[in-house]
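The sequence shown begins at 4 in the numbering used here and counts up one residue at a time.
We treat Cβ as the ideally placed atom computed from N, Cα and C, and that holds for glycine.
Predicted model only: the values in this text are computed from it and were never measured.
Read the structure below first, then the notes.
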Amino acid sequence: MDHIEIDFPVEPFHSVPRLLLRTAILFGSNLPFIAGVTLLVFLPATLLLQFAYSLLNVPTSGILSYLLMSAGDLVLAALAVPAILYGLTYKLRDGKLPPLADSLRWGRRQWGKTLWNSFKMEVTILLYSLLLLIPGIIASIDLIFTETIVALEGDLTSDVFERTRALAHGRRWRIFFVMAPLSVLGLLGSMLVLKTLEGAANSHVLLAIADSLLTVVSQLTTVAVLLIYLGVIEAKPPAAVPRKPSGRARRAR
Numbered sequence: 004m005d006h007i008e009i010d011f012p013v014e015p016f017h018s019v020p021r022l023l024l025r026t027a028i029l030f031g032s033n034l035p036f037i038a039g040v041t042l043l044v045f046l047p048a049t050l051l052l053q054f055a056y057s058l059l060n061v062p063t064s065g066i067l068s069y070l071l072m073s074a075g076d077l078v079l080a081a082l083a084v085p086a087i088l089y090g091l092t093y094k095l096r097d098g099k100l101p102p103l104a105d106s107l108r109w110g111r112r113q114w115g116k117t118l119w120n121s122f123k124m125e126v127t128i129l130l131y132s133l134l135l136l137i138p139g140i141i142a143s144i145d146l147i148f149t150e151t152i153v154a155l156e157g158d159l160t161s162d163v164f165e166r167t168r169a170l171a172h173g174r175r176w177r178i179f180f181v182m183a184p185l186s187v188l189g190l191l192g193s194m195l196v197l198k199t200l201e202g203a204a205n206s207h208v209l210l211a212i213a214d215s216l217l218t219v220v221s222q223l224t225t226v227a228v229l230l231i232y233l234g235v236i237e238a239k240p241p242a243a244v245p246r247k248p249s250g251r252a253r254r255a256r
């Protein structure tokens, strides 16, 4: 399998409040799966990285620490996000989550392409943001489907940026009004996690735990983008099953 078939009914993306409600429901009802995948990928790796940083006397705060942690998050998210998207799409189609191993296997398959396109996306947004704030916001909205396209369309799409821009075209404001409140919720969640883990800024272990928990919170955006994506593409209907002719029809022949 080189892509995930969207062969189930999807709800069009017309209403921002409706999309936010569906995001909250899908995220909340699948939180154990989302948190499980995220922590399974992030927690061991971030603990190992922070242990290495402590041996190298890398401080837990400052520009160097931020850059290293951001780079690590980018690499790990390229595995976790496709795995989560695989599982949630499977759930929307079949009504149940797939085995965790299957989700992680799909995430590993898409890891390289996701990482490369995510890196290009971050660089593009950064370059636009260096010009002015507004172009940076527009670029982030235009490229918002990058991870979702790689995770679901796989080898079907070669030019991911062209595809995501086409999907975002004409929908920028609606996407913005979905992402804005989710960004506020993400900020509040970050504050809650950091307050709960007081001293995280001074401990490599607590910093790794805090980073992993914050990533779980950020998956709310992953869920929202998935629902927006499904709402703006044309779903492929399942193949019709041929019906057996009735006895009367057979006699008519």
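Less than 8 Å divides the Cβ of threonine 117 from the Cβ of valine 153. Measuring C-alpha to C-alpha distances from alanine 83 to each of Ser215, Ala227, Phe54 and Ala55 identifies Ser215 as the nearest. Within its own chain, the residues whose Cβ lies closer than 8 Å to the Cβ of isoleucine 144, once the five positions on either side in sequence are excluded, are Ala171, Arg175, Ile178, Phe179 and Met182, listed in chain order. When Cβ pairs closer than 8 Å are counted between the two stretches, the segment 40 to 52 is seen to touch the segment 74 to 91, the count reaching three or more. Residue state for valine 13 is assigned as coil, using DSSP reduced to three classes.
In the three-state DSSP reduction, arginine 111 falls in the helix class (H, G or I). Excluding residues up to 5 positions away in sequence, Thr127, Ile128 and Tyr131 lie with their Cβ nearer than 7 Å to the Cβ of alanine 142 in the same chain.
With a 10 Å radius around the Cβ and a threshold of 16 neighbouring Cβ atoms, leucine 190 comes out exposed.
Burial check for isoleucine 147: the Cβ neighbour count within 10 Å reaches 16 or more, so the residue is buried. Glycine 234 and phenylalanine 16 have their C-alpha atoms roughly 5 Å apart. Between the C-alpha atoms of leucine 185 and alanine 169 there is a straight-line separation of about 23 Å. Under the 10 Å beta carbon count, histidine 6 is surrounded by fewer than 16 other beta carbons and is classified as exposed. When the five nearest sequence neighbours on each side are left out, the beta carbons in the same chain lying within less than 7 Å of the beta carbon of asparagine 205 are those of Thr63, in order along the chain. The segment 16 to 29 makes contact with the segment 220 to 228, as at least three CB pairs between them are under 8 Å. Under the three-state reduction of DSSP, phenylalanine 45 is assigned to helix.
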